[in-house]
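**Student:** Residues 1 to 446 in UniProt numbering are what the sequence shown lists, from first letter to last. Just so you know, even glycine gets a beta-carbon here, dropped at the ideal spot from N, CA and C. Got a structure here, written out as structure tokens. Questions coming.
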Amino acid sequence: MRSKELIKSIILGLLVLMSVVLTYMTWNFSPDLANIDNQVSSSKASETNVIGKPLNEGMGKVVTPYQIVHSEGEDTEGMEATKQNVEATLEPLKDHRVIRSEQMHSNHNLIIPDLTDEFLVLDFTYDMPLATYLGQALNIDAKVPNNFKFDRLIVDNNKDGYVKLYAISKDRHNVVRMTTSAKLTKLKKVMKQQQKIMKPYTEIITNKDTIDRATHIFAPKSPKGMKSYHTIYNRIGVDTMNSILFNDSVVVRSTKSGTTTYNNNTGVANYYDDSEKYRYTNLPEDENRSTNMQDSIPSTFDYINNHGGFTDDFRLFNVDNKSGELTYQLFLNGRPTFNEEDLNNIKVSWGDKGVFSYARALLKANVTIDSGEDETKLPGAETVRSELANNPEINFEEVTNMTIGYKMENQPDKSDIEIQRNSEFKPQWYVQYNGEWRAYNDGGLE
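Written out as structure tokens, the structure reads:
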């Protein structure tokens, strides 16, 4: 009996002691907010380190032809390079391999004797490393000549029912012929569907290097129903760009004449209020700018894409092999846009260890609509060719490309916080002349 009473007393004493301890801990509890603070700051950092949503499809959405042309005998048709058109056309080529390849050279005009009567032309506006395009844009396993670059890819058939590719160099004197494992039947099935939306194109000869079927310049024959468009923009914050490009805290060095300069120990950036353009330079990489496009093209794509920098339909449009600068240009409805102030592009170059320079307008499209204006009646390709060829101020042999694009005209900004910046996109002929894209106007080039 006494032992039972003793046990009860011990249990009661323990309960009282536990109550006292718990009360003390409650009164003196101080939550550890360190982890919460870290999580919040990490969340904020992740939000400020991106501009938009990264592309899931990979480099093939940004490194694309600017036009697709189908040639069969005397008939030539083509179509604008919308994302849907490009994806459908290239799908039969993807995820295959090059069985064999060989490089051929011609001192005179390039002739491909085994080219069949029907083939597909994919035209690019820049020199593209062949191995990079095949491997990273098309996922084709290929052993091709090192450092070979092309700006035209011809898709042809082989006698055994498989697809044959011809990558043609920009100077039109070199070609790499490749036999692939892609079946011709699948390509023909796709092209039968694509031809339903193709329109007549014409073949243009400008010099001795464009006189063969494989090297003609192709352009829309009689463009019709060309609409203009109106775009309203959202703005990208300067702080967002700084958080992406600078590794640590940024100092505002100066603000004058509408220009704000930011810098730290590794880089410097300028923001121009009037144009809303931003340019960053990585100082340690100054002497190490890369001109190796086999590295720079994939690296710049990954860098821009990782922070959602391809906010609109940007495509690789120009590669400067001397300076190492790449230009990703805005496309609209599968056609390139042009703007004198470079508000329609992203310019970036790569260093040994990372980005060297990065420039863009801090604008992204909010909405793009039909402007409601009357359709623009553009002259036919033959008219453009004839007037340029007869213009004494133009050396027609220097014309290397012709296409229809959109001229991006900036609308006045009234500096009212409720007035969003906007642009008009108007169709116009553009001609690549002596390596530079220029607008065609009334028989000449602007």
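Do Arg289 and Gly351 have their beta-carbon atoms positioned less than 8 Å apart in this structure?
**Tutor:** In contact: Gly351 and Arg289 (Cβ atoms closer than 8 Å).
**Student:** Along the chain, which unbroken stretches of the alpha helix (DSSP H) at least 4 residues long are found entirely within the segment 371-414?
**Tutor:** Complete alpha helix (DSSP H) runs here, min 4: 381-389.
**Student:** Rounding to the nearest angstrom, what Cα-Cα distance links Asn321 and Pro129 in this structure?
**Tutor:** For Asn321 and Pro129, the distance between alpha carbons rounds to 11 Å.
**Student:** Within 10 angstroms of its Cβ, does Gln195 collect 16 or more other Cβ (buried), or is it exposed?
**Tutor:** So Gln195 counts as exposed.
**Student:** Could you compute how far the alpha carbon of Tyr126 sits from the alpha carbon of Arg235?
**Tutor:** Rounded to the nearest angstrom, the two C-alpha atoms are 30 Å apart.
**Student:** Roughly how many angstroms lie between the CA atoms of residue 447 and Thr261, to the nearest whole one?
**Tutor:** Here the chain comprises residues numbered 1 to 446, so residue 447 is not present and cannot be evaluated.
**Student:** Would the segment 142-149 and the segment 338-345 be scored as touching if the rule is three or more Cβ pairs under 8 Å?
**Tutor:** In short, these stretches do not touch, since the Cβ pair count stays below three.
**Student:** Can you tell me whether DSSP reads Thr206 as helix, strand or coil?
**Tutor:** Coil at Thr206, not helix or strand.
**Student:** Please name the residue, chosen from Lys186, Asp239, Tyr280, Glu373, that lies closest to Ser349 on a Cα-to-Cα basis.
**Tutor:** Looking at the Cα atoms, Tyr280 is the closest of the given residues.
**Student:** In chain order, what are the residue ranges of uninterrupted alpha helix (DSSP H) at least 4 long that sit wholly in the segment 140-225?
**Tutor:** 184-194, all fully within the segment 140-225.
**Student:** By DSSP, does Glu340 sit in helix, in strand, or in coil?
**Tutor:** In the structure shown, Glu340 sits in coil (DSSP, three-state: anything other than H, G, I, E or B).
**Student:** If I follow the unbroken alpha helix (DSSP H) through Pro298, where does it start and stop?
**Tutor:** Segment 293-306, the alpha helix (DSSP H) holding Pro298.
**Student:** Start and end of the beta strand (DSSP E) containing Gln67?
**Tutor:** Here the beta strand (DSSP E) through Gln67 covers 67-72.
**Student:** Give the range of the alpha helix (DSSP H) segment to which residue 512 is assigned.
**Tutor:** Absent from the structure is residue 512, since the part of the chain shown begins at 1 and ends at 446.
**Student:** Taking Asp123 as the reference, which of Ser106, Lys170, Thr300 has the closest Cα?
**Tutor:** Answer by Cα proximity: Lys170.
**Student:** Report the rounded CA-to-CA distance for Asp302 versus Gln67, giving the unit in angstroms.
**Tutor:** About 24 Å.
**Student:** For Ile140 and Leu187, which I take to be in contact (beta-carbon distance under 8 Å), what is that distance rounded to the nearest angstrom?
**Tutor:** Between Leu187 and Ile140 the Cβ distance is about 14 Å, and since that is not below 8 Å, they are no contact.
**Student:** Out of curiosity, what's the CA-to-CA distance linking Val155 and Pro298?
**Tutor:** Approximately 24 Å between the Cα atoms of the pair.
**Student:** So, for Leu394: in the same chain, excluding its five sequence neighbours on each side, which residues have a beta-carbon less than 8 Å away from its beta-carbon?
**Tutor:** Residue identity check: residue 394 is Ile in the sequence provided, not Leu. Leu388, Tyr433, Gly444, Leu445.
**Student:** What does the alpha-carbon distance come out to for the pair Gly73 and Asp117?
**Tutor:** C-alpha separation (whole angstroms): 6 Å.
**Student:** Just verifying my parser: in three-state terms, what is the DSSP assignment at Leu326?
**Tutor:** In this structure, Leu326 counts as strand in the three-state DSSP scheme.
**Student:** Are there three or more Cβ pairs, one per stretch, closer than 8 Å when the segment 235-254 is compared with the segment 361-374?
**Tutor:** The segment 235-254, when compared against the segment 361-374, does touch it at the 8 Å Cβ threshold.
**Student:** Measuring CB to CB, does Pro427 end up less than 8 Å from Tyr440?
**Tutor:** No, the Cβ-Cβ distance between Pro427 and Tyr440 is not below 8 Å.
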